[in-house]
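Counting in our numbering, the sequence shown runs from 192 upward without gaps.
By construction, the Cβ of each residue, glycine as well, lies at the ideal position given by its N, Cα and C atoms.
Everything below concerns the one structure shown next.
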Amino acid sequence: MKMKRTKYKFFTLTLFTIFILILSGCNESTGMKTSDENIKTIEAVLRNNLTGPDDELKEIINDMEGEEKLKALNNYDEKLYKDYFANNTSYQEYISSYGTVLWVQPINNNYKLEVKNIEFEMINDKENIYNFTLELQYQKENSESSEVVKVEGQANLNDDHKIESISYKTDVWENFS
Numbered sequence: 192m193k194m195k196r197t198k199y200k201f202f203t204l205t206l207f208t209i210f211i212l213i214l215s216g217c218n219e220s221t222g223m224k225t226s227d228e229n230i231k232t233i234e235a236v237l238r239n240n241l242t243g244p245d246d247e248l249k250e251i252i253n254d255m256e257g258e259e260k261l262k263a264l265n266n267y268d269e270k271l272y273k274d275y276f277a278n279n280t281s282y283q284e285y286i287s288s289y290g291t292v293l294w295v296q297p298i299n300n301n302y303k304l305e306v307k308n309i310e311f312e313m314i315n316d317k318e319n320i321y322n323f324t325l326e327l328q329y330q331k332e333n334s335e336s337s338e339v340v341k342v343e344g345q346a347n348l349n350d351d352h353k354i355e356s357i358s359y360k361t362d363v364w365e366n367f368s
């Protein structure tokens with residue numbers, strides 16, 4: 192009788208341990224999935240904003256003027272970024288500081304930019320805050336040589352994987368004058 196009770200306790204303990212391991216594994220994979228979705232959002236915005244310029248943007252900046260230019264730039268920004276932001280305020284803050292605003296100097300001075308590598312670090316999993324570091328290659332058109340600079344920044348996302356705020360900590364744009 193005592194042996195049956197010991198086997199039963201052992202079986203129950205083993206079953207409970209397996210259940211806990213499975214449960215913690217499920218929670219961890221859910222956390223990883225959330226993190227992956229957040230990283231995809233941040234990466235899309237960074238690559239859209241820091242790779243180029245494409246022909247459409249060059250045409251807008253170089254060939255349009257006045258109201259036509261403003262409308263085209265607004266449409267261009269909206270197409271590339273708006274879906275990644277939590278609300279209109281966060282979107283407007285981003286495009287007024289970054290967006291196509293970043294491209295005026297590189298286009299005027301004939302530079303091409305390309306994001307080469309991005310590394311992410313979650314610094315607060317409860318509030319979905321990420322630091323990122325990327326390598327940005329820049330090259331003057333018709334030149335064989337290029338340079339790479341580091342751009343650091345931070346992004347805060349909501350639970351729907353949308354950006355609430357994002358900022359770059361760099362003075363790299365001084366290189367394009």
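When DSSP labels each residue in this structure, what does residue i get in the three-state scheme?
{"i": "ILE213", "result": "Low local confidence applies: a pLDDT of 47 at ILE213 is under 50, so the model's placement there is unreliable, with the coordinate-based value given in what follows. Here ILE213 sits in helix by DSSP."}
{"i": "SER220", "result": "With a pLDDT of 41 at SER220, under the threshold of 50, the modelled position of this residue cannot be trusted, and the question is left open."}
{"i": "THR361", "result": "coil"}
{"i": "TYR329", "result": "strand"}
{"i": "ILE354", "result": "strand"}
{"i": "PHE367", "result": "helix"}
In terms of residue numbering, what span does the beta strand (DSSP E) encompassing residue i cover?
{"i": "LEU261", "result": "Per DSSP, LEU261 belongs to no beta strand (DSSP E); it is in the alpha helix (DSSP H), 257–272."}
Specify, as a first and last residue, the run of the alpha helix (DSSP H) that residue i falls within.
{"i": "VAL295", "result": "295–299"}
{"i": "LYS307", "result": "No alpha helix (DSSP H) holds LYS307; the beta strand (DSSP E) holding it covers 302–315."}
{"i": "ASN347", "result": "First-last for ASN347: 338–348, but that is the beta strand (DSSP E), not the alpha helix (DSSP H)."}
{"i": "THR280", "result": "279–288"}
{"i": "ASN253", "result": "246–254"}
Return the Cβ separation of residue i and residue j in integer angstroms, given the expectation that the two are a contact with Cβ distance under 8 Å.
{"i": "ILE233", "j": "PHE323", "result": "6 Å"}
{"i": "LEU237", "j": "LEU325", "result": "6 Å"}
{"i": "TYR289", "j": "ASN240", "result": "6 Å"}
{"i": "SER337", "j": "GLN345", "result": "27 Å between Cβ atoms; not a contact."}
{"i": "TYR359", "j": "VAL342", "result": "6 Å"}
{"i": "GLU269", "j": "HIS352", "result": "Between HIS352 and GLU269 the Cβ distance is about 19 Å, and since that is not below 8 Å, they are no contact."}
{"i": "SER281", "j": "ILE354", "result": "6 Å"}
{"i": "GLU284", "j": "SER356", "result": "7 Å"}
Could you name the residues that DSSP lists as bridge partners for residue i?
{"i": "ASN322", "result": "GLU312 and GLN345"}
Any chance the CB of residue i is under 7 Å from a heavy atom of the ligand FMN?
{"i": "GLN283", "result": "For the ligand FMN, the structure offers nothing, since it holds no ligand at all."}
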